[in-house]
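Chemist:
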Amino acid sequence: ALPVDSIRALSDLHPKPSNLKFQYGTAGFRTVAHVLDSVLFRVGVLAALRSKKLDGKTIGVMVTASHNPEQDNGVKLVDPRGEMLEASWEIHATALSNAQTTDEFIGELEKLVQTSKIDLSKPARVVYARDTRPSGAALVSSLEDGIKAIGAEGRNAGVTTTPVLHYLVRAINTKGTKESYGEDSEEGYFLKLSTAFKKLVSTRQTPSALVIDCANGVGAPIAERLIEYLGNSLPLVLENASITTPGALNNSCGADYVKTTQKLPPSLAGRLQPGQRGCSLDGDADRLMYFYLDERNQFHMLDGDKIAALVSAFIVELVKTSGLDSQIKVGVVQTAYANGASTKYLSERLPVKCVPTGVKHLHHAAEHYNIGIYFEANGHGTVLFSQPTQDVLQSYEPSTPAQSTALEHLRNLNQLINQTVGDALSDMLLVEVVLAHKAYSGAEWDSLYVDLPNRLVKVVVADRNQVKTEDAERRLVSPVGLQEKINDLVRRYDGGRSFVRPSGTEDVVRVYAEASNKAQSDELAFRVAGLVYDECGGNPASRPK
Ligand code: G16
125 ALPVDSIRAL
135 SDLHPKPSNL
145 KFQYGTAGFR
155 TVAHVLDSVL
165 FRVGVLAALR
175 SKKLDGKTIG
185 VMVTASHNPE
195 QDNGVKLVDP
205 RGEMLEASWE
215 IHATALSNAQ
225 TTDEFIGELE
235 KLVQTSKIDL
245 SKPARVVYAR
255 DTRPSGAALV
265 SSLEDGIKAI
275 GAEGRNAGVT
285 TTPVLHYLVR
295 AINTKGTKES
305 YGEDSEEGYF
315 LKLSTAFKKL
325 VSTRQTPSAL
335 VIDCANGVGA
345 PIAERLIEYL
355 GNSLPLVLEN
365 ASITTPGALN
375 NSCGADYVKT
385 TQKLPPSLAG
395 RLQPGQRGCS
405 LDGDADRLMY
415 FYLDERNQFH
425 MLDGDKIAAL
435 VSAFIVELVK
445 TSGLDSQIKV
455 GVVQTAYANG
465 ASTKYLSERL
475 PVKCVPTGVK
485 HLHHAAEHYN
495 IGIYFEANGH
505 GTVLFSQPTQ
515 DVLQSYEPST
525 PAQSTALEHL
535 RNLNQLINQT
545 VGDALSDMLL
555 VEVVLAHKAY
565 SGAEWDSLYV
575 DLPNRLVKVV
585 VADRNQVKTE
595 DAERRLVSPV
605 GLQEKINDLV
615 RRYDGGRSFV
625 RPSGTEDVVR
635 VYAEASNKAQ
645 SDELAFRVAG
655 LVYDECGGNP
665 ASRPK
């Protein structure tokens, strides 16, 4: 049976604020930090039940609000293979978080145990970590109370990046098996990535220094340690590494800032030289944006779409050179945010699929390929090698030296890439490998295709749940009639494309627009935003102050 007494005693210390409704969204629970205490406690209990359900496999819990402002926080669960929580359990998470009293919470737990047929006699193990947010430590202790209340075994992975936590989950659960993912420690992570990187670039010239904008977040200390392992194989310069300065996190810096403003973070002015490569991480280091300044000091952004283009071309070439192209099919997954020019470039070379926003959707779609490459335009993505493909890479016997070299590169890429989730640092090393092999500068990479001018804007609305979409978020079904108005507008713009969707992480509706020139894409975005505002604008009732 559930240890009801201990759950009751500890749950009473973490009461749910009244009048608030929580939702497990695109990336778990996410809102202002000071209302999250009860959510964290309950997630601790839930993670333990998920572990019991999966026969004692270790479940991960990451406390972060990623690219959101510093006063926010959040929490997401990680399934045993290092992937996002199975979708059906998101509903359980939402239900548990909204039980008003301790009695109701226990009632919901009992319901979950029964309907999901959870064997309570199984062990439960949870590994957890947090980013650098000031609210993180208190929220972790609420989580620990939840883990303790149900008698689960907890392992604190400290302050680290989201991708490191995903790595740890997979490493713990595959330890000693044929699918072993690496040592289950931060050191194991650094060793795995840096060893593969050094092998991949061993015959190349040492690249010039890369500037990393760490968003003043947890990417800074982790990149700092990565430098020790990389030695002189890749010179890195860390900027925006002030993790203790109040208010600095994601403030006018980081991957989300770069993607949404399409500008260089002001703090990098004078730090990034024309022609030099720079990149930005986000607050938990799972997103990556590259950029450079040309000789006229003009800013050029190399986003997730450009990364997908660069990496796909390289992998397709290696598969072909190794002689494995009849056995290994490579494909790409994007979302509606992918620049139309990138979709055109990629579709001419390999299969491309469009799915709704959210890593979990992209990840699952990518699993259908032998090698599945997925990147959201915002820089969140990775490359997946299916298990049969990994087996083929192990057993294949090349017949020429060229085949043998290409095969070795593919094997090393399989080690270099964090396949559990998008990982800014692993992706950065991947980009650097391709640039080194191609001897590309930022400008040469950029010229693979020319982005269509585009604009992303947010509209604050009273209730984002009233906005509903279909066809991988490319068409609105609610509010009724709004899509027709958008279509009428889009038709008036040369090369126009626009879509509207509710954010899963903020109380806003996002509007994306593309057109053949910049002024037109901006105008289209603002006019569509106006339509959305007229229909659903207002102050969000659900967001606490
Ligand atoms: C999360 C998700 C991403 C998604 C992003 C924005 O990223 O993991 O897949 O693209 O939110 O989502 P939305 O437009 O629904 O707000 P992160 O980096 O914030 O965890």
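Take the sequence shown: its letters are residues 125 to 669, numbered as in my numbering. Glycine included, C-beta positions come from ideal geometry on N, C-alpha and C. Please read all numbers here as calculations on a predicted model, not as lab measurements.
1. Let me check you understand the geometry: is the CB of Arg579 closer than 7 Å to at least one non-hydrogen atom of the ligand G16?
2. Specify the secondary structure class of Ile367 as computed by DSSP and reduced to three states.
3. Write down every uninterrupted run of the alpha helix (DSSP H) in the region 526 to 552 whose length is 4 residues or greater and which is fully enclosed by it, in chain order.
4. Quick one: is Leu137 buried, meaning 16 or more other Cβ sit within 10 Å of its Cβ, or exposed?
5. Alpha carbon to alpha carbon, what distance is there between Ser366 and Val128?
6. Expressed to the nearest angstrom, what Euclidean distance is found between the alpha-carbon atoms of Arg395 and Asn356?
7. Could you please give me the residues that DSSP links to Gln458 through a beta bridge?
8. Go ahead and label Lys430 buried or exposed: buried means 16 or more other beta carbons lie within 10 angstroms of its beta carbon, across all protein chains shown.
9. Could you tell me if Gln518 is buried or exposed, where buried requires 16 or more neighbouring beta carbons within 10 angstroms of its beta carbon?
10. Which class does Asp196 belong to by DSSP, given the choice of helix, strand or coil?
11. Tell me, which residues are paired with Thr506 by DSSP?
12. Taking the straight line between their C-alpha atoms, what separation do you get for Val443 and Arg174?
13. What residues match up with Glu638 in a beta bridge as DSSP calls it?
14. Would you mind stating whether Gln319 and Ala409 have Cβ atoms separated by less than 8 Å?
15. Less than 8 Å separating the beta-carbons of Glu214 and Tyr148?
16. Where Ser602 and Ala548 are concerned, what is the direct C-alpha to C-alpha distance, given to the nearest angstrom?
17. Helix, strand or coil: which one does DSSP assign to Ala347?
18. I want to check one thing, is the minimum distance from the CB of His488 to the heavy atoms of the ligand G16 below 7 Å?
19. With a Cβ-Cβ cutoff of 8 Å, do Asn280 and Arg205 count as a contact?
20. Starting from the Cα of Asp595, find the closest Cα among Tyr291, Ser265, Ser259 and Cys478 and give me that residue.
21. Straight-line CA distance for Val614 to Tyr636?
22. Over the uninterrupted beta strand (DSSP E) stretch that includes Asn280, give me the two end residues.
23. In terms of alpha-carbon separation, which member of Val483, Tyr493, Phe165 and Asp179 lies closest to Val185?
24. Can you check whether the CB of Ile271 is closer than 8 Å to the CB of Lys177?
25. Where do the ends of the beta strand (DSSP E) carrying Lys670 lie?
26. Is the separation between the beta-carbon of Gly260 and that of Val187 shorter than 8 Å?
27. If you measure from the CB of Thr385, is any heavy atom of the ligand G16 nearer than 7 Å?
28. Whose beta carbon lies closer than 6 Å to any heavy atom of the ligand G16, going through the chain in order?
29. Alpha helix (DSSP H) containing Tyr469: first to last residue?
30. With DSSP as the reference, please indicate the residues paired to Tyr313 in a beta bridge.
31. Of the residues Gln422, Val581, Gln590 and Lys235, which one's Cα is nearest the Cα of Val652?
32. Is the region 307 to 321 in contact with the region 544 to 560, if contact means three or more CB pairs nearer than 8 Å?
33. Consult DSSP for His424 and reduce its assignment to one of helix, strand or coil.
34. Is any beta-carbon of chain D found at less than 8 Å from that of Ser550?
Modeler: On the basis of the data shown:
1. no
2. coil
3. none
4. exposed
5. 44 Å
6. 21 Å
7. Cys478
8. buried
9. exposed
10. strand
11. Tyr498
12. 38 Å
13. Asn578 and Arg621
14. According to the sequence displayed, residue 319 carries Thr and not Gln. Against a cut-off of 8 Å, the Cβ pair of Ala409 and Thr319 comes out as no contact.
15. yes
16. 35 Å
17. helix
18. no
19. no
20. Cys478
21. 11 Å
22. Glu277 to Val283
23. Phe165
24. no
25. An answer regarding residue 670 cannot be provided, because it is not within the stretch 125 to 669 covered by the chain.
26. yes
27. no
28. Thr150, Ala151, Ser190, His191, Asp406, Asp410, Arg411, Thr481, Gly482, Val483, Glu500, Asn502, His504, Ser627, Gly628, Thr629, Glu630 and Arg634
29. Gly464 to Ser471
30. None; Tyr313 has no bridge partner.
31. Val581
32. yes
33. strand
34. Annotation note: the requested chain D is absent from the structure, which comprises a single protein chain.
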